[in-house]
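For the record, the sequence lines run as chains X and B.
In this text, residue positions in the first sequence follow our numbering: the first is 1, and each later residue adds one.
In this text, residue positions in the second sequence follow our numbering: the first is 1001, and each later residue adds one.
Every residue, glycine too, gets a C-beta built ideally from N, C-alpha and C.
Computed from a predicted structure; not experimentally measured.
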Amino acid sequence: DAGVTQSPTHLIKTRGQQVTLRCSPKSGHDTVSWYQQALGQGPQFIFQYYEEEERQRGNFPDRFSGHQFPNYSSELNVNALLLGDSALYLCASSLGGLSTNEKLFFGSGTQLSVL
Amino acid sequence: GNSVTQMEGPVTLSEEAFLTINCTYTATGYPSLFWYVQYPGEGLQLLLKATKADDKGSNKGFEATYRKETTSFHLEKGSVQVSDSAVYFCAHLTQGGSEKLVFGKGTKLTVNP
């Protein structure tokens, strides 16, 4: 049983560019949450997708957007990249929407470097 | 607001030493509390959790007790191993219609043989 898979594992972009990160949830899960983990910091909640809609959002600007597909996989898009967007982006999956954050399974993350 | 404060690292111990990593939280009500562990190159793994006051979470020799009086959830292990070397994150689940995990900054533990 594959867990949460993320791609790519590493990515280098330059300021102003746009980036798309991808996540496939654990088999049987239908909810995807995205977190940003800056170097030396704990993960910060970006947003959560359930039933192909954004259900919750953290304190991130509109440059951060996402999508969830009918197969429950998800994309995180970041526009107009800033140096400060350099971080490990973690995807986590769960089942059933809002009330299931206690059973999150995390992927290994995508390391984004913005030069 | 919601926050988690963890003991700053890094922490370096010898094998079989006693481990304590302090964690306190600020939140509304009595949120569920968690410890996650992140091994090098891997994602976060749930280590243990407690969902109400005085609950003790335990796993792999690690323990933490939910103390509402002191809003704390300190992580302990009686005898650490080299394989316990990792970064440990304390977290709580927000309540009130906006459920999300709020993490501390993490504490890096290195255990030497």
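Original post:
Using a Cβ cut-off of 9 Å, which residues of the region 1044-1067 of chain B contact any Cβ in chain X, in chain order?
Top reply: Within the region 1044-1067 of chain B, the residues whose Cβ lies closer than 9 Å to some Cβ of chain X are 1044, 1045, 1046, 1049, 1051, listed in chain order.
Subject >> Residues within the region 20-45 of chain X neighbouring chain B, beta-carbon criterion of under 9 Å >> reply: Taking a C-beta cut-off of 9 Å against chain B, the contacting residues of the region 20-45 of chain X are 33, 35, 37, 40, 41, 42, 43, 44, 45, listed in chain order.
Original post:
Fully enclosed by the region 1014-1068 of chain B, which alpha helix (DSSP H) runs are 4 residues long or longer?
Top reply: Those alpha helix (DSSP H) runs which fall completely within the region 1014-1068 of chain B and span 4+ residues do not exist here.
**OP:** List the residues of chain B that residue 108 of chain X touches, going by C-beta distances under 8 Å, in chain order.
**Re:** Near residue 108 of chain X (Cβ distances below 8 Å), the residues of chain B are 1041, 1042, 1043.
Subject >> Own chain, CB closer than 7 Å to residue 1103 of chain B, minus 5 neighbours either side, in chain order >> reply: Short of 7 Å from the beta carbon of residue 1103 of chain B, and not among the five residues preceding or following it, lie these beta carbons of its own chain, in chain order: 1004, 1089, 1091.
Subject >> Proximity of residue 1111 of chain B and residue 1013 of chain B at Cβ, strictly below 8 Å >> reply: For residue 1111 of chain B and residue 1013 of chain B, yes; Cβs fall inside 8 Å.
**OP:** With 7 Å as the limit, tell me which residues of the region 1073-1106 of chain B have their beta carbon closer than that to any beta carbon of chain X; keep them in chain order.
**Re:** So the list reads 1089, 1093, 1098, 1099, 1100, 1101, 1103, 1104, 1105, 1106, given in the order they occur along the chain.
**OP:** Run down chain B in chain order and give the residues with a C-beta less than 9 Å from the C-beta of residue 90 of chain X.
**Re:** Near residue 90 of chain X (Cβ distances below 9 Å), the residues of chain B are 1043, 1044.
Subject >> Distance, residue 22 of chain X Cα to residue 11 of chain X Cα >> reply: Rounded to whole angstroms, the separation of the alpha carbons of residue 22 of chain X and residue 11 of chain X is 12 Å.
**OP:** Output the distance between the C-alpha atoms of residue 26 of chain X and residue 74 of chain X, rounded to the nearest integer angstrom.
**Re:** The alpha-carbon separation between residue 26 of chain X and residue 74 of chain X amounts to approximately 12 Å.
**OP:** Give the DSSP-derived three-state secondary structure of residue 1087 of chain B in the structure shown.
**Re:** Strand.
Original post:
Run through DSSP, which three-state label would residue 103 of chain X get?
Top reply: It is helical.
**OP:** Flag residue 17 of chain X as yes if its beta-carbon sits less than 8 Å from any beta-carbon of chain B, otherwise no.
**Re:** Among the CB atoms of chain B, none fall inside 8 Å of the CB of residue 17 of chain X.
**OP:** Going by DSSP, name the residue or residues bridged to residue 66 of chain X.
**Re:** According to DSSP, residue 66 of chain X bridges with X:76.
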